[in-house]
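Inspection log for the structure reproduced underneath, given as structure tokens.
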Amino acid sequence: IDIQIAYRQTNNYTDRTLFFNTTIQAWTLIQITMYRTRTLTTPRGVCTCARAVVNAGDSKATVFVMGYTQPRKFSTTTSRALKQFFPAPDAPSIRTTEAAWPHPIYTKEQMESVVIAHRQAKTWSDWTALAAIRTMRWGLDLATGYKHDKAVASGKKSAKNATQKHVMTARKYMIRNVFLESVAGVPGMVAGMLRHLHSMRRMKRDNGWIETLLEESYNERMHLLTFLKMAEPGPFMKFMVLAAQGVFFNAMFVAYLVSPRTAHRFVGYLEEEAVLTYTREIADLDAGRLPEWENLVAPDIAIKYWHMPEGHRTMRDLLMYIRADESKHREVNHTLGNLDQKEDPNPFVSEYKDKTVPHPGKGLQHPKPTGWERAEVM
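When you line the sequence shown up against UniProt numbering, it's residues 1 to 378, in that order.
Below, the structure written as structure tokens:
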């Protein structure tokens, strides 16, 4: 928030010094107010602080708001604390380090076309995965106070018309997002690691599965890093993440050894829930139920990773990109769960002979929410 303290007379040294001191005092009072209340200040609060300083000092000054800016994006964490998450690398010779997997370009139309979808369970493997994800979701919803409309979850009702059973605030959503993304990167890494070792043991090629699985894990980690630029988790949340990763990693490790098909189906159902959650966040934001997010700007790390264009860098745009990623993971894992786990190549990195027929790809050109069947891609 930019403010200006104007003086009728600033010709002599005394007035200029008083102008400088008044500005410093106003800025200090604003910082103290935010620290004591633990909230971000408002335009009215800034003017109140500035006028209090001016009225206590020199009566020749006038305070008025010039405009609004957001240089630190959205964060209640101090700059010093934020550096714990992203320390500056001690490498003066390196200008920048590009992402290992460049993100595909999404158009606005493609992101708007993402829908809530559910793949019906057909086999015992599907039912096992679905039961596991429902149990996991129930526990997380209970812990975070979240409860969605069942009609929205089944796709029968739009998220905009959802019945708000439990009111979710921006803070609750952020806590939920940080926790979810901190464990969402586990399945891809576990599957990629096991397939990497399996390929070396069998002394055979993996046919492109490892690359896609590791890229998925990397993408989920970028979601987490983006949210960490906006809010810092406390000690309890860090402990919960540590415990969840330990349990989830070992559970996925055993599950993938026993039945890779069930593990991929589980992740597919997990991504269905992620799409549902982000769809509700977007709907709540559009309905004005999250005023804290209405004027937020996406962090620089998100702008660079998703190549967000000028004029499309708001919190809503960020949620649209993340939801599109989750929808792609949903499609990928449901598709991989339909294939022969040992012999079939990865269709998402394969080049097909007939380019006139829709085929799987890394982007959202040909979305398939419930996954591609084996007969369609093989």
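Ideal Cβ placement from N, Cα and C applies to all residues, glycine included.
- Taking N346 as the reference, which of T356, T335, P233 has the closest Cα? T335
- Task: Write down every uninterrupted run of the alpha helix (DSSP H) in the stretch 294-362 whose length is 4 residues or greater and which is fully enclosed by it, in chain order.
- Result: 300-306, 315-336
- Message: Going by DSSP in three states, T23 sits in which element: helix, strand or coil?
- Response: helix
- Inside the stretch 100-154 only - alpha helix (DSSP H) runs reaching at least 4 residues: 108-112, 124-144, 150-153
- Query: Between A184 and K328, what straight-line distance do the alpha-carbon atoms span, to the nearest angstrom?
  - Reply: 14 angstroms
- Through-space distance from E331 to V349, alpha-carbon basis: 14 angstroms
- Message: Check whether the stretch 364-376 and the stretch 292-303 are in contact - that is, three or more C-beta pairs closer than 8 angstroms.
- Response: no
- Coil, strand or helix - W372 by DSSP: coil
- Query: In chain order, what residues of the same chain have a beta carbon less than 7 angstroms from the beta carbon of M168, not counting five sequence neighbours either side?
  - Reply: Y146, D284
- Message: So, does the stretch 287-297 touch the stretch 116-124, judging by three or more C-beta pairs under 8 angstroms?
- Response: no
- Query: Where do the N-terminal and C-terminal ends of the alpha helix (DSSP H) with I94 fall, by residue?
  - Reply: I94 -> no alpha helix (DSSP H), and no H or E assigned at all.
- Task: Mind checking which residues open and close the alpha helix (DSSP H) that includes M252?
- Result: 235-258
- Message: I'd like the span of the alpha helix (DSSP H) that includes E220, first residue to last.
- Response: 209-228
- Query: Can you round the beta-carbon distance between H264 and G337 to whole angstroms, since I take them to be within the 8 angstroms contact cut?
  - Reply: 4 angstroms
- Who are the near neighbours of G192 in its chain, counting only those whose CB is closer than 6 angstroms to its CB and skipping five residues on each side? I210, L213, L214
- Task: Could you have a look at K204 and say whether DSSP puts it in helix, strand or coil?
- Result: coil
- Going by the CB atoms, is the gap between F227 and V178 shorter than 8 angstroms? yes
- Message: Taking the straight line between their C-alpha atoms, what separation do you get for I24 and M222?
- Response: 38 angstroms
- Message: Using C-beta distances below 7 angstroms, list every residue in its chain close to V190, excluding the 5 sequence neighbours before and after it, in chain order.
- Response: F249, M252, F253, Y256
- Item | Simplified DSSP state of V167, which is helix, strand or coil | coil
- Message: Helix, strand or coil for M378? Go by DSSP, reduced to three states.
- Response: coil
- Query: Going by C-alpha distance, which of A375, G363, E376 is nearest T107?
  - Reply: G363
- Distance, Cα to Cα, W27 vs N55? 15 angstroms
- Out of A91, V247, A129, H118, point me to the one whose CA is closest to S259's CA. A129
- Query: Of all the options D325, Q110, A298, A324, which has the alpha carbon lying nearest to the alpha carbon of H312?
  - Reply: A298
- Can you have a look at A170 and say buried or exposed, based on whether 16 or more other CB atoms are within 10 angstroms of its CB? buried
- Item | Own chain, CB closer than 8 angstroms to Y321, minus 5 neighbours either side, in chain order | Y106, M111, A302, W306, M308
- Task: Could you check the C-alpha separation between K229 and K353 for me, to the nearest Å?
- Result: 43 angstroms
- Task: Sort V357, K342, P367, G268 by Cα distance to R119 and report the nearest one.
- Result: G268
- Query: What's the call for T356, buried or exposed, on a 16-neighbour Cβ count within 10 Å?
  - Reply: exposed
- Query: So what's P291 in DSSP terms, helix, strand or just coil?
  - Reply: helix
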